[in-house]
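Take the sequence shown: its letter number 305 is residue 304 in numbering that gives the first Met the number 0, and every next letter is one higher.
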Amino acid sequence: MHFAMTDEQSMIVESTRAFVERELYPHEALVERTGHLPREIIQEVKAKAIEAGLYAANMPEEVGGAGLDTLTWLMYEKELGRANYALHWTCVARPSNILLAGTDEQKKKYLYPCMAGEKWDCLAMTEPGAGSDLRGMAATARQEGSDWILNGTKHFISHADIADFAIVFMATGVEETPRGPKKKITAFFVDKGAPGFTVRDGYQNVSHRGYTNQVLEFDECRLPASAVLGEVDKGFEVANTWLGATRLQVAATCLGRAERALQHAVEYAAERQQFGQKIGKFQGVSFKLADMALELKAAHLLTWEAAWKFDQGTVTEADMSMAKLKATEMLAMVADEAIQIHGGMGLMDELPLERIWRDARVERIWEGTSEIQRHIISRELLRPHGG
0 MHFAMTDEQS MIVESTRAFV ERELYPHEAL VERTGHLPRE IIQEVKAKAI
50 EAGLYAANMP EEVGGAGLDT LTWLMYEKEL GRANYALHWT CVARPSNILL
100 AGTDEQKKKY LYPCMAGEKW DCLAMTEPGA GSDLRGMAAT ARQEGSDWIL
150 NGTKHFISHA DIADFAIVFM ATGVEETPRG PKKKITAFFV DKGAPGFTVR
200 DGYQNVSHRG YTNQVLEFDE CRLPASAVLG EVDKGFEVAN TWLGATRLQV
250 AATCLGRAER ALQHAVEYAA ERQQFGQKIG KFQGVSFKLA DMALELKAAH
300 LLTWEAAWKF DQGTVTEADM SMAKLKATEM LAMVADEAIQ IHGGMGLMDE
350 LPLERIWRDA RVERIWEGTS EIQRHIISRE LLRPHGG
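Set out below in structure tokens:
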């Protein structure tokens, strides 16, 4: 593993960071104040992202993406992660790579329009009674002839308000396993406006203002057999194959926000004077900065190593969980200490620190809670010993 960036990686990092600072930062105050990302801003910035070659850069070249390896992709994600989440996720969109699991016809209908910025997708797994335990989902799909009938509720579904379709996971039966009965899961494409499919406003969230969540309701929603993504009863296999790197994506965006917070803290400590000297000269502040830099470096190394191993085909579930766990908990610590260094000013909305601090909280919950990540890590340690 080489630690120096290639020329291509340096160019991608520099161009992405410049785009974020030039096109996204100016809109942050509006989104944070109103909790809303106006459609005209989305269209304006999206057009610029497409022109800059940053839109849908997570996808392989054969479908029109940038074809980045995992490590380079995460460097790109880290730079986007510096900005308000709604801005970078919506305006510099990255279609879910689960769309690559579709048939040729499904790719024509869903993947390619997303790549062109003509459509948005959303992913629907979580339910009121099924969060970390996705096998506990109550929403079902039953077969009637060649059609499928969907019933149930999904919630915490990100940006479903602007999505043109949802990729929905439904229980489609039960199988007996050595550990007892286990639900079979199937993934479906569901178009916005399909009869029996309703999108309702979700919850007000303290984190990631402007990045909305909705409730999806299915009431005898009838779909053709062609709506199945992957194989019937193999929804988890589809998800595990195509969504594995999302934990690394979360880790990378946390790195970007932590770097921004640390930069503010260092600059403030070097300029602010109290008791006749710069506050950075006091150990109470300087040691905080040292610890923040140390934790950020550790999270960087864990994330970049996992990305490198992902490209080598040697990554483990524990590798990705360690990166996600360390980066999300590191961000919480760095954001909190950055505010402490700034004192009361750190909580004012003139600076991005209070936003970074608020946004950091959800990172330890979504894409697998910190407790789930620790479970995965410990399970991998114990399994060789029969645990």
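Cβ coordinates follow ideal geometry from the N, Cα and C atoms, glycine included.
Can you grab the Cα-Cα spacing for the pair S145 / K181, in whole Å? 24 angstroms
### Task
Flag this pair as yes or no: are the beta carbons of D310 and L70 separated by less than 8 angstroms?
yes
Problem - Span separating the alpha-carbon of S157 from that of F18 - result: 24 angstroms
Exposed unless 16 or more other CB atoms sit within 10 angstroms - verdict on H384:
exposed
| request: Compare the Cα-Cα distances from V112 to each of A92, A123 and H263 and report the closest residue. | output: Reading the sequence as shown, one finds Pro at residue 112 and not Val. Measuring from the Cα of P112, the nearest candidate turns out to be A92.
- Message: List, from N- to C-terminal side, the alpha helix (DSSP H) runs of 4 residues or more that fit wholly inside the region 1-89.
- Response: Counting only runs of 4 or more, we get 6-18, 24-33, 38-51 and 69-79.
- Task: Give me whichever residues DSSP pairs with M344 in a beta bridge.
- Result: In DSSP, M344 forms no bridge with anything.
Bridge partner(s) assigned by DSSP for N150
T139
* Asked: For A123, which of K107, T102 and A162 has the nearest alpha-carbon?
  -> Comparing Cα-Cα distances from A123 to each of K107, T102 and A162, the minimum goes to A162.
Next on the checklist: Along the chain, where does the alpha helix (DSSP H) containing E175 start, and where does it finish?
Outcome noted: E175 -> not in any alpha helix (DSSP H); beta strand (DSSP E) instead, spanning F164 to T176.
| query | Between P59, T152, V44 and F187, which lies nearest to Q105 when the distance is taken from Cα to Cα? | reply | F187
- Query: If K306 sits next to L73, beta carbons under 8 angstroms apart, how far is it from one beta carbon to the other, in whole angstroms?
  - Reply: The sequence shown places Ala at residue 306, not Lys. Between L73 and A306 the Cβ distance is about 5 angstroms, and since that is below 8 angstroms, they are a contact.
Measuring straight from C-alpha to C-alpha, what distance separates E27 and D348?
Cα-Cα distance, rounded: 11 angstroms.
Problem set entry | Span of the alpha helix (DSSP H) around H262 | Residue identity check: residue 262 is Gln in the sequence provided, not His. The continuous alpha helix (DSSP H) containing Q262 extends over residues T245 to E270.
Item to complete: Could you have a look at A193 and say whether DSSP puts it in helix, strand or coil?
Response: coil
Practice problem: Please confirm whether A85 and Y24 have their CB atoms less than 8 angstroms apart. | Solution: Cβ distance not < 8 angstroms, so A85 and Y24 don't count as in contact.
Legend entry - Segment limits, beta strand (DSSP E) that includes R221: Note, R221: beta strand (DSSP E), N212 to L222.
Cα-Cα separation, T33 to G209: 8 angstroms
Notebook entry, point to check: Could you check where the alpha helix (DSSP H) with D290 kicks off and where it finishes?
Noted result: Q282 to Q311
If G52 sits next to E60, beta carbons under 8 angstroms apart, how far is it from one beta carbon to the other, in whole angstroms? So it is not a contact: roughly 12 angstroms between Cβ atoms.
- What is the C-beta distance between G135 and D232, in whole angstroms, given that I count them as a contact (C-beta under 8 angstroms)? With a Cβ gap of about 17 angstroms, G135 and D232 do not count as contacting.
query = For A334, which of T313, R360 and L324 has the nearest alpha-carbon?
reply = R360
Problem set entry | Given 8 angstroms, three or more beta-carbon pairs between the region 242-257 and the region 313-331 | yes
Worksheet item: Based on the DSSP output, what are the partners of E126 in its beta bridges?
Response: A129
**Study point:** Straight-line gap, G179 to W119 (C-alpha atoms, nearest Å)
**Key:** 38 angstroms
For the pair the region 283-303 and the region 357-373, tell me if three or more CB-CB distances fall below 8 angstroms.
No contact exists between the region 283-303 and the region 357-373.
**Message:** Which residue wins for smallest C-alpha separation from R363, given the options A337, G343, K77 and L330?
**Reply:** L330
**Study point:** Local conformation of R382 per DSSP, three classes
**Key:** helix
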